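Participant:
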Amino acid sequence: MDGLIGASAEALRLLFTGDREIWEIVAISFSVSFRAIFYIVPLAILSAFALAYGNFPGRRVLITIVNALVALPAVVVGLLLYMLLSSSGPFGGWRLLFTQGAMIIGQMILAFPLLVAMIHVSLQGVDLSAWQTARTLGASIFRAMFTIMREVRFGLIAAIVAGFGRVVSEVGCSIMVGGNILHHTRNIPTAIALETSKGEFEQGIALGAVLITLALALNFAVATVRGRDMARH
Amino acid sequence: MSNLPEFITIQNVQKYISNRMVLDIDELVVYQSECVVVHGPNGSGKSTLLKILAGLMTPDSGVATTNGVVRPWRQAIREFRANAVYLHQTPYLFDRSVEDNIAYGLRFRNRSQSVLFSEVQSAMEWAGLSHLAKRNARDLSGGEKQRVALTRARILEPKLLLLDEPTAAMDRKSRKQTFSLIRDLASGGNAVYIATHEAADLYQPDRVIQLDYGKLVV
Chain C
247 MDGLIGASAE ALRLLFTGDR EIWEIVAISF SVSFRAIFYI VPLAILSAFA
297 LAYGNFPGRR VLITIVNALV ALPAVVVGLL LYMLLSSSGP FGGWRLLFTQ
347 GAMIIGQMIL AFPLLVAMIH VSLQGVDLSA WQTARTLGAS IFRAMFTIMR
397 EVRFGLIAAI VAGFGRVVSE VGCSIMVGGN ILHHTRNIPT AIALETSKGE
447 FEQGIALGAV LITLALALNF AVATVRGRDM ARH
Chain W
9 MSNLPEFITI QNVQKYISNR MVLDIDELVV YQSECVVVHG PNGSGKSTLL
59 KILAGLMTPD SGVATTNGVV RPWRQAIREF RANAVYLHQT PYLFDRSVED
109 NIAYGLRFRN RSQSVLFSEV QSAMEWAGLS HLAKRNARDL SGGEKQRVAL
159 TRARILEPKL LLLDEPTAAM DRKSRKQTFS LIRDLASGGN AVYIATHEAA
209 DLYQPDRVIQ LDYGKLVV
């Protein structure tokens, strides 16, 4: 117990004295995960719209597959990506392995099914007549999409927050394709795993506190915005 | 046969939903500036017909002629969408103010902000909605919502207005107000198709067509 208290106190000291290594790890973590979500959200939105309003063969099968992939283990994505990006793999020439680029690709793959599934559920909550109304009033497909996105904005934000939460805290894929290289690809979860394996908990607790604070802050922000909107009506 | 000029003709139109034929029309001519009541029991294909004419639904087979030119459906749909506005039985109003809802379609047309504003103001006056301009459209009563939807459609001056059960589930006062607006719309020079269970006379239509099991019987 004393050890835990001591480690926690040291963790707080590291955070509040601006320990360079810790904040660099936090910055890498956020930078990689923000970029992964930023790049994948448009594709996820398009896919969710296609699944919600499209009329094509195999749509139901695709919805089932997407829902099943929500639970895709990060380590399996890491393994597949490693095989593809390693020097003997088909994309080895790209020299992406053990770079932030590989981590971003891995996190995009991980976030995609969750984003599609959650946005699809939000879209299903809006009557088809919303889409038809936008179209019959002259909106192009993209304008109609923006209209519907505004209608489901809280579901959309919740999906993006959940997607970010999923990738910023995953360790399996990042450690396999990123390599956990200090100053380059070491992010919060891989650093926690490393420090814990060394029996040095201070940095792990400090980084864990950052993750928990982030999760709470994001959820609080979403709840506040949603609460204000509901109060307005 | 009408003396009015033809606007749209659809021929040999069939539509299947879940392997069930819901519409089977040999020929239907939509004339410019006519008011038509589409009668028929539930499931007779009234909504499907209106959605096809709005370009919101594609038939499985059929030919469309618009302004005298026979067009493939893909092209015809573009024509339908450019000229027709469809109103759902339960209108969908966007989660924004009444005036924003009414301005919605106008924003896709080249209008200066001041012209748009004045058009929206006069449209709201027409429908008696000015006092509700800033209210969120979701907070309105059923009758008010239908009036917002009618105004939102009218402001676009469509050549063909398609109304699906516009007064269903309304109280007497709202129905009276809505009938009055629809009659005003129908006398405004655009074609109006109204799918309804109500007595056709209420709309003072130019003609009444009857649908039964997807087929035109009158």
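Protein sequence lines, in the order shown, are assigned to chains C and W.
Numbered per the working numbering, the first sequence finishes at 479, counting up by one with no gaps.
Numbered per the working numbering, the second sequence finishes at 226, counting up by one with no gaps.
Just so you know, even glycine gets a beta-carbon here, dropped at the ideal spot from N, CA and C.
Source: prediction; values computed, not measured.
Are there three or more Cβ pairs, one per stretch, closer than 8 Å when the segment 212-219 of chain W is compared with the segment 46-58 of chain W?
Facilitator: Yes: at least three Cβ pairs fall under 8 Å.
Participant: Got a sec? Which residues, its chain only, sit under 6 Å from W:Ile33 by beta carbon, not counting five neighbours each side?
Facilitator: Taking the first residue of the second sequence as position 1, residue 33 of chain W is located at position 25. Excluding residues within five positions, the ones whose Cβ falls inside 6 Å are Val21 and Leu224.
Participant: Pull out every residue of the segment 362-392 of chain C whose Cβ sits closer than 7 Å to any Cβ of chain W, in chain order.
Facilitator: For the segment 362-392 of chain C, which is checked against every Cβ of chain W, the residues closer than 7 Å are Asp373, Ser375, Ala376, Gln378, Thr379, Arg381, Thr382, Leu383, Gly384, Ala385 and Arg389.
Participant: Which two residues bound the contiguous beta strand (DSSP E) that contains W:Thr74?
Facilitator: For the purposes of this step, residue 74 of chain W is identified with residue 66 of the second sequence, where counting begins at 1. Its beta strand (DSSP E) spans residues Ser69 to Thr74.
Participant: Take C:Gly473 as the anchor and find which of C:Phe400, C:Arg412 and C:Val423 has the nearest alpha-carbon.
Facilitator: Walking along the first sequence from the start, residue 473 of chain C turns up at place 227. When only C-alpha atoms are compared, the closest one is C:Phe400.
Participant: Should C:Gly264 be labelled buried (16 or more other beta-carbon atoms within 10 Å of its own) or exposed?
Facilitator: As a position in the first sequence, residue 264 of chain C is number 18, starting the count at 1. Result: exposed.
Participant: Hey, is W:Ala141's beta-carbon within less than 8 Å of any beta-carbon in chain C?
Facilitator: The residue labelled residue 141 of chain W in the question sits at position 133 within the second sequence. Answer no: the Cβ-Cβ gap between W:Ala141 and chain C never drops below 8 Å.
Participant: Round the Cβ separation of C:Ile251 and C:Ala357 to the nearest angstrom and send it over; I've been treating them as touching at under 8 Å.
Facilitator: For the purposes of this step, residue 251 of chain C is taken as residue 5 along the first sequence, with counting starting at 1. For the purposes of this step, residue 357 of chain C is taken as residue 111 along the first sequence, with counting starting at 1. In fact, because the Cβ distance is near 36 Å, the residues do not count as touching under 8 Å.
Participant: For C:Val316, which option in C:Ala290, C:Leu343 and C:Pro336 has the closest C-alpha, if you only look at C-alpha atoms?
Facilitator: Your numbering for residue 316 of chain C matches position 70 in the first sequence. When each option's Cα is compared against that of C:Val316, the closest is C:Ala290.
Participant: For W:Phe116, which residues in chain C fall below 8 Å Cβ to Cβ?
Facilitator: Translated into the one-based positions of the second sequence, residue 116 of chain W becomes position 108. Near W:Phe116 (Cβ distances below 8 Å), the residues of chain C are Leu383, Gly384, Ala385, Ser386 and Arg389.
Participant: How about W:Val93 and W:Glu107: are their beta carbons less than 8 Å apart?
Facilitator: In the second sequence, residue 93 of chain W corresponds to position 85, counting from 1. In the second sequence, residue 107 of chain W corresponds to position 99, counting from 1. Result no, Cβ atoms of W:Val93 and W:Glu107 do not sit closer than 8 Å.
Participant: Let me see if you follow: with CB-CB separation under 8 Å, is W:Phe102 close to chain C or not?
Facilitator: Residue mapping note: residue 102 of chain W aligns to position 94 of the second sequence, counting from 1. Cβ-Cβ to chain C under 8 Å: yes for W:Phe102.
Participant: Skipping 5 residues on each side, what residues in its chain have a beta carbon closer than 8 Å to that of C:Val468?
Facilitator: To locate residue 468 of chain C, count along the first sequence from 1; it is residue 222. So the list reads Phe400, Ile403, Ala404 and Val407, once near-sequence residues are dropped.
Participant: How would you write the range of the beta strand (DSSP E) that W:Thr17 sits in, first residue to last?
Facilitator: Along the second sequence, read from residue 1 onward, the residue named residue 17 of chain W stands at position 9. Element bounds for W:Thr17: Glu14 to Ile25.
Participant: I need the DSSP call for W:Lys181, collapsed to helix, strand or coil.
Facilitator: Against the second sequence, residue 181 of chain W aligns to sequence position 173. The answer is helix: DSSP assigns W:Lys181 an H, G or I state.
Participant: Tell me whether the beta-carbon of W:Lys167 lies closer than 8 Å to the beta-carbon of W:Asn91.
Facilitator: Residue 167 of chain W sits at position 159 when you count from the first residue of the second sequence. Residue 91 of chain W sits at position 83 when you count from the first residue of the second sequence. Yes, Cβ-Cβ distance for W:Lys167 and W:Asn91 is below 8 Å.
Participant: Under three-state DSSP, which class holds W:Asn144?
Facilitator: The residue given as residue 144 of chain W occupies position 136 in the second sequence. Strand at W:Asn144.
Participant: Cβ atoms of W:Leu170 and W:Leu12: under 8 Å apart, would you say?
Facilitator: Residue 12 of chain W sits at position 4 when you count from the first residue of the second sequence. Residue 170 of chain W sits at position 162 when you count from the first residue of the second sequence. No, they are not a contact pair.
Participant: Under 8 Å by Cβ, that's how I've got W:Leu57 and W:Leu31 pegged, so tell me the actual separation to the nearest angstrom.
Facilitator: To locate residue 57 of chain W, count along the second sequence from 1; it is residue 49. To locate residue 31 of chain W, count along the second sequence from 1; it is residue 23. That pair is a contact at about 6 Å.
Participant: From the DSSP secondary-structure annotation, give me the bridge partner or partners of W:Cys43.
Facilitator: In the second sequence, residue 43 of chain W corresponds to position 35, counting from 1. Looking at the DSSP assignment, W:Cys43 forms a beta bridge with W:Val200.
Participant: Just the C-alpha distance for C:Leu374 and C:Tyr299, rounded to the nearest angstrom, thanks.
Facilitator: Sequence index remark: in the first sequence, residue 374 of chain C carries index 128 (1-based). Sequence index remark: in the first sequence, residue 299 of chain C carries index 53 (1-based). Between C:Leu374 and C:Tyr299, the C-alpha separation is close to 8 Å.
Participant: Looking at W:Ala177: is its Cβ nearer than 8 Å to the Cβ of W:Gln40?
Facilitator: Locating residue 177 of chain W in the second sequence gives position 169, where the first residue counts as 1. Locating residue 40 of chain W in the second sequence gives position 32, where the first residue counts as 1. Cβ atoms of W:Ala177 and W:Gln40: not closer than 8 Å.
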